[in-house]
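Take a look at the structure below.
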Amino acid sequence: MRTIKLYDTYQGKLREFVPIDEKEVDIYYCGPTVYNYVHLGNFRPTITFDLLTRFLKAEGFDVKCVSNYTDIDDKIIKQAKVENKSEKELSEFYINAYEECLNKLNVLPLYNHPKASEYIDKMADFIKDLEDNGTAYQGGDDIYFSVDSDPKYGTLSKQKIDDLVSGARIDVNTNKKNPLDFALWKLTDDDGIKFDTSVGRGRPGWHTECVVMVNNVFKKPLIDIHGGGFDLKFPHHENEIAQSEAHNHTQLANYWMHCGFLLTDGVKMSKSLGNSILAKDVLQRHSGNAIRLFFQTTHYRAPVNYTEENLTAMDKLANKYESCLKRASVTLQLSNIPAGKRIDADYEEYMNALANDLNVANALSVIDREVKEINSLSIKKDADMSRLADLFSTISVLFDILGLKFTLPVIDDEARKLIADFNTARENKDYAKSDELRPLLMEKGLL
């Protein structure tokens, strides 16, 4: 088993990854609040953790990757009124829209995709436990978590409580014991979505939703990896950790991974800033492969700048990879060459790159080298077909780990005749005939 290193935000360094269970890896990353169509930046963590899942599966681990839907939120209540829908109708509509994007991006099915609304009683019981042990209290119409009860609060975000308190005083809530205390439950009888529970009528706070879903979906207090976008580090993930340590007396995850921002003209893409580009719109202009490459060619912890030019370049790269695969596939099928063997040296180099905190740039150097050789062999009359078969088998595996999906042609008798006629026309310099056959070949994906 190779050494895998991941950057752990909590400890602020690259660490060797050692799972709790020798053969199983549990991953949770925060999903969308489903009150509108998601912007492209929301899919950076999705693609990053899908890549991590694929890599770990290739390493032989049983990976349980989970991402939630926040379907209880004031934004949902507000938008439901705007669209004249119930909160449930609104959230289901945008969940379906989100999952259409997941399919187009070739994201693996998750182990679980929990909704916050499915765990209300569990959240209420969790909050009641915190009240009972003195780390939560009722203040006005809310139940708050007391950050003073957690001496390690601020460790993840590398911030001191005194500095955070100074920054929070501009928004003083007299119901709080400390300006940093955060709401676990909103006691309310308003016309928004609400639930009758052991802690009263109301709805949960965002920070409680995730920690309770982690505990209940995985049925354990501590998992291997928790992550999301860089903006979730504080306060969301900091607050999750505080609740976990207060309730379970343990950290929530052994490794915390955070993805860099997607930028527009150097500024974080955000609905609130009005500079967001909807993922569904981008997917109408660019392939899922292109979007995956767009995010993966920049290291996941670094910011990446959105431009149409950058995505168009990734479309060209994806097309280059697809053309290479098609050319090799057609050549091998026409020659009746059986499946080749994996080239272990290339595979190991590729996997070692990904084992170094998902270094896709170095992994792509292996792919680019193989693409060059495949293209050369595919046009040689006396090519080493055994070598071509091995390259084709290997690069297919490498593409799959990156989550790239290509449709390859199947050569039947009709296709064989079409290719033979096309090649004969070219050899005879019958350009009219070759021009006539070219669109037919392209339609079948043979060119």
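Under UniProt numbering, the first residue of the sequence shown carries the number 1, and numbering increases by one thereafter. Ideal Cβ positions, reconstructed from N, Cα and C, are used throughout, including at glycine.
- request: Using alpha carbons as the reference points, say which of 91, 332, 416, 50 lies closest to residue 379.
  value: 332
field: Coarse secondary structure for residue 163, derived from DSSP in three states
entry: helix
- prompt: The alpha helix (DSSP H) with residue 333 in it runs from where to where?
  reply: 308 to 334
- prompt: Should residue 431 go down as buried or exposed, given a rule of 16 or more other Cβ atoms within 10 Å for buried?
  reply: exposed
message: Using CA atoms only, rank isn't needed, just tell me which of 143, 315, 180 is closest to residue 160.
response: 180
message: Quick test of your reading: residue 64 and residue 125, contact by CB under 8 Å. State the CB separation rounded to the nearest angstrom.
response: Wrong, their Cβ atoms sit about 23 Å apart, outside the cutoff.
- prompt: Leaving out five residues before and five after residue 363 in sequence, what residues of the same chain have Cβ atoms less than 6 Å from its Cβ?
  reply: 350, 353, 354
task: Starting from residue 118, follow its DSSP beta bridges and name the residues at the other end.
output: The partner list for residue 118 (beta bridge, DSSP) is empty, contrary to what the question assumes.
- prompt: Alpha carbon to alpha carbon, how far is residue 366 from residue 346?
  reply: 7 Å
- request: Starting from the C-beta of residue 212, find all residues in its chain whose C-beta is less than 7 Å away, skip the five residues before and the five after it, and write them out in chain order.
  value: 119, 122, 123, 126
- request: Note the first and the last residue of the continuous beta strand (DSSP E) segment covering residue 264.
  value: 262 to 264
Alpha-carbon spacing of residue 292 relative to residue 61, whole angstroms: 23 Å
- request: Could you please give me the residues that DSSP links to residue 385 through a beta bridge?
  value: Answer is none; residue 385 lacks a bridge partner.
task: Name, in chain order, the residues that DSSP records as bridge partners for residue 284.
output: Beta-bridge pairing links residue 284 to no other residue.
task: Per DSSP, which residues does residue 26 bridge with? Please list them.
output: 64
message: Against chain C, with Cβ distances strictly below 8 Å, would residue 332 count as a contact?
response: No chain C is part of this structure, which consists of one protein chain only.
field: Rounded straight-line distance, which links the Cα of residue 95 to that of residue 114
entry: 11 Å
message: Ignoring anything shorter than 4 residues, give me the alpha helix (DSSP H) runs that lie fully in the stretch 214 to 267, in order along the chain.
response: 238 to 248
- prompt: Between residue 193 and residue 186, what straight-line distance do the alpha-carbon atoms span, to the nearest angstrom?
  reply: 11 Å
message: Beta-carbon within less than 7 Å of residue 98's beta-carbon, same chain only, minus the 5 sequence neighbours each way: which residues are those?
response: 32, 34, 38
- prompt: In angstroms, rounded to a whole number, what distance separates the CA positions of residue 82 and residue 21?
  reply: 47 Å
- prompt: With 16 other CB atoms within 10 Å as the buried threshold, where does residue 91 fall?
  reply: buried
query: How long is the line joining the alpha carbons of residue 337 and residue 399, rounded to whole angstroms?
result: 21 Å
message: With H, G and I counted as helix, E and B as strand and the rest as coil, what does DSSP make of residue 207?
response: helix
- request: Could you tell me the distance, in whole angstroms, from the CA atom of residue 452 to the CA atom of residue 361?
  value: Given a span of 1 to 447 for the chain in the structure shown, any question on residue 452 remains unanswerable.
query: Using CA coordinates, which residue listed in 285, 251, 228, 246 is at the minimum distance from residue 261?
result: 228
- prompt: Is residue 388 closer than 8 Å to residue 343 when the C-beta atoms are compared?
  reply: no
Residue 176 versus residue 139: straight-line alpha-carbon distance, rounded: 6 Å
- request: Would you give the residue range spanned by the beta strand (DSSP E) that residue 137 belongs to?
  value: 136 to 139
Limits of the alpha helix (DSSP H) - the one that residue 196 falls within: That residue, residue 196, is in no alpha helix (DSSP H); its beta strand (DSSP E) goes 195 to 197.
field: Touch test, the stretch 415 to 424 against the stretch 435 to 446, Cβ-Cβ under 8 Å, three pairs minimum
entry: yes
For residue 329, the nearest candidate out of 356, 206, 375 (CA to CA): 375
message: Along the chain, where does the beta strand (DSSP E) containing residue 7 start, and where does it finish?
response: 5 to 8
task: Mind reading off the beta-carbon distance from residue 55 to residue 401? Whole number of angstroms is fine, and I expect it under 8 Å.
output: 6 Å
C-alpha gap between residue 357 and residue 6, whole angstroms: 4 Å
- prompt: Relative to the C-alpha of residue 323, which residue among 340, 371, 311 is closest?
  reply: 371
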